[in-house]
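Protein chains in written order, with the UniProt record's numbering: chain F, 1 to 259; chain G, 1 to 318. We treat Cβ as the ideally placed atom computed from N, Cα and C, and that holds for glycine. Shown next, in structure tokens, is the structure this report addresses.
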Ligand SMILES: Cc1cc2nc3c(=O)[nH]c(=O)nc-3n(C[C@H](O)[C@H](O)[C@H](O)COP(=O)(O)OP(=O)(O)OC[C@H]3O[C@@H](n4cnc5c(N)ncnc54)[C@H](O)[C@@H]3O)c2cc1C
């Protein structure tokens, strides 16, 4: 079986995120880059499926040079190979452009399973997996909290507003996972050493046969008119409970007309 | 005025509140038409859609549309966009809604903006990003604009519509039928407002300590007709069902009032509640980062403060 995991490098979760004044894109240099947390769960699930069913796991990322660190991290967790799509022409790509580029890179490589984290911590759109499934014309099994592979039949529990749906499809499948699915492993020292020798293929836009007119900020299907930092919230009132804490809150709620 | 398509969100045939918000918003952009996917359309549903201004209701009532996730909705909407050339398409910012919007965007080659909290008459969307720290205005520059809109961003206001039914029969593509829903498991507790839509949310975290401890949280919620939420620490411990998790990988809520009890305020939790209008915090650790968000905070034991608050609300509303 061939599994691809799409990962994204994002600014460190705790770092303050800002948009750049010149082109309204996320300022990625302002913070350390880390693997998007939910993508760690996607890598882990790929490795587990590989261990149980035998699979070659390829990490695919689109991003600037330093996103290669994210591929290395996944390789040190145990993935086999990496593909890094890197090109200045990709800068500022929106979800439609990203899904186009990923689908082109993924299609034709014969993956049985393409796994994503269900959301990135920076853009938080949760649409790229569905878009890639639509572009590739393969089954979409997303927001999985549990995955069960039986031969070529994949069944998941898809998290819904009220519980979960059981959804099945035959491979090939685009899968996205939520954090309830597993506990990602830490790279071992051996894994880190081994990762140094694993193959990473670097592709430019033209290597990948992509149409540059569909990529980058100038091609985006949507554009930012303006943005502004919201003034920080005025500090609230904090009191120490001396026996009337509940009554204090009730008074505040009455003032605010909640009661 | 141009037509604005609004994808209906429903639960067991009942129109969800977020759809009435979207219809209200759609009336400021053009003439709203509702789009119903799957079986279960009823007079009761029609009455709600009419009350909030739907002039037309497109009903794609085929069983098959409900048997497959997400893709059928995108294909029905793509068909309607082709036929009706609407000025915009509005979808709720739920997991299903966002994915439907994403697939639709690919199908009709149009831009999509997710998690809008407002849309102006000239179709400029307002988004609140990075945990509410930045406000962004953006527009779709190519194709028919598609917006997903956060629940609780537009107060629903009635405005009469005709809700004329128009049936839509389309053949789903083979790709749309590749994933099949074989079962549905409901794990929520009845009787309270739905978390994502509630005007007031009362949440508990690790500080609640146990399943039994959540009785205190539920009692406060009921005194305020609120929904109950939980941090991941509480859902992972099994004290409260996962469906109630608030945060990055749970629900994003934006209620008028959010009361956080025994929750420290990890970034992943904040991501799901930071845009709440008023935030109350009860936590025994004065250093807990959640206090940074508090409009009103009490440093104290939630098992003392919360029951007292519930009692006091009872007295004041009696
Ligand atoms: C990929 C990923 C996704 C995540 N997604 C989410 C998410 O969606 N939602 C989410 O919530 N978390 C999420 N988390 C987890 C998050 O990082 C925190 O671990 C979690 O939010 C902590 O929950 P908590 O605040 O209840 O617990 P803690 O951080 O342990 O805080 C408990 C608080 O309770 C207080 N307390 C204890 N006893 C009492 C008492 N008797 N009275 C008053 N106060 C008391 C303590 O002072 C403390 O501040 C995610 C993590 C990861 C890695």
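Quickly, what does DSSP pair residue i with across the bridge? List them, please.
i, result
"residue 201 (chain G)", "G:227, G:258"
"residue 251 (chain G)", "G:246"
"residue 62 (chain F)", "F:85"
"residue 58 (chain G)", "G:35, G:166"
"residue 227 (chain F)", "G:136"
"residue 158 (chain F)", "F:144, F:165"
"residue 296 (chain G)", "F:237, G:280"
"residue 56 (chain F)", "F:2"
"residue 19 (chain G)", "Residue 19 (chain G) is not bridged to any residue."
"residue 11 (chain F)", "F:33"
"residue 49 (chain F)", "Paired residue(s): none; residue 49 (chain F) is not in a bridge."
"residue 264 (chain F)", "What the structure shows of chain F is the stretch from 1 to 259, and residue 264 (chain F) is not part of that stretch, so it cannot be assessed."
"residue 153 (chain F)", "F:150, F:170"
DSSP on residue i, reduced to helix/strand/coil?
i, result
"residue 98 (chain F)", "helix"
"residue 170 (chain G)", "coil"
"residue 91 (chain F)", "coil"
"residue 273 (chain G)", "coil"
"residue 68 (chain G)", "coil"
"residue 235 (chain G)", "helix"
"residue 72 (chain F)", "helix"
"residue 77 (chain F)", "helix"
"residue 193 (chain F)", "helix"
"residue 25 (chain G)", "helix"
"residue 104 (chain G)", "helix"
"residue 41 (chain F)", "helix"
"residue 210 (chain F)", "coil"
"residue 3 (chain G)", "strand"
"residue 76 (chain G)", "helix"
"residue 14 (chain G)", "strand"
"residue 222 (chain F)", "strand"
"residue 247 (chain F)", "helix"
"residue 8 (chain G)", "coil"
"residue 135 (chain F)", "helix"
"residue 122 (chain G)", "coil"
"residue 189 (chain G)", "coil"
"residue 183 (chain F)", "coil"
"residue 85 (chain G)", "coil"
"residue 106 (chain F)", "helix"
"residue 194 (chain G)", "coil"
"residue 97 (chain G)", "helix"
"residue 215 (chain F)", "coil"
Going by DSSP, what residue range makes up the beta strand (DSSP E) through residue i?
i, result
"residue 207 (chain G)", "Neither: residue 207 (chain G) is in no beta strand (DSSP E) and is coded neither H nor E."
"residue 288 (chain G)", "Neither: residue 288 (chain G) is in no beta strand (DSSP E) and is coded neither H nor E."
"residue 116 (chain F)", "113–117"
"residue 165 (chain F)", "163–170"
"residue 200 (chain F)", "200–203"
"residue 3 (chain F)", "2–7"
"residue 237 (chain F)", "237–240"
"residue 260 (chain F)", "The structure shown does not extend to residue 260 (chain F), since chain F spans only 1 to 259, so no value can be given for it."
"residue 265 (chain G)", "No beta strand (DSSP E) contains residue 265 (chain G), which DSSP labels as neither H nor E."
"residue 322 (chain G)", "Residue 322 (chain G) lies beyond the residue range present for chain G, which begins at 1 and ends at 318; the question has no answer from this structure."
"residue 125 (chain G)", "125–129"
"residue 88 (chain G)", "88–92"
"residue 259 (chain F)", "That residue, residue 259 (chain F), is in no beta strand (DSSP E); it is neither H nor E in DSSP."
"residue 157 (chain G)", "Here residue 157 (chain G) belongs to no beta strand (DSSP E), and DSSP marks it neither H nor E."
"residue 146 (chain G)", "146–149"
How far does the alpha helix (DSSP H) with residue i in it extend, from its first residue to its last?
i, result
"residue 306 (chain G)", "302–317"
"residue 48 (chain G)", "43–51"
"residue 148 (chain F)", "No alpha helix (DSSP H) contains residue 148 (chain F), which is instead part of the beta strand (DSSP E) from 139–150."
"residue 35 (chain F)", "No alpha helix (DSSP H) contains residue 35 (chain F), which is instead part of the beta strand (DSSP E) from 33–35."
"residue 183 (chain G)", "Not the alpha helix (DSSP H): residue 183 (chain G) falls in the beta strand (DSSP E), residues 180–186."
"residue 127 (chain F)", "Careful: residue 127 (chain F) lies outside any alpha helix (DSSP H) and carries neither H nor E."
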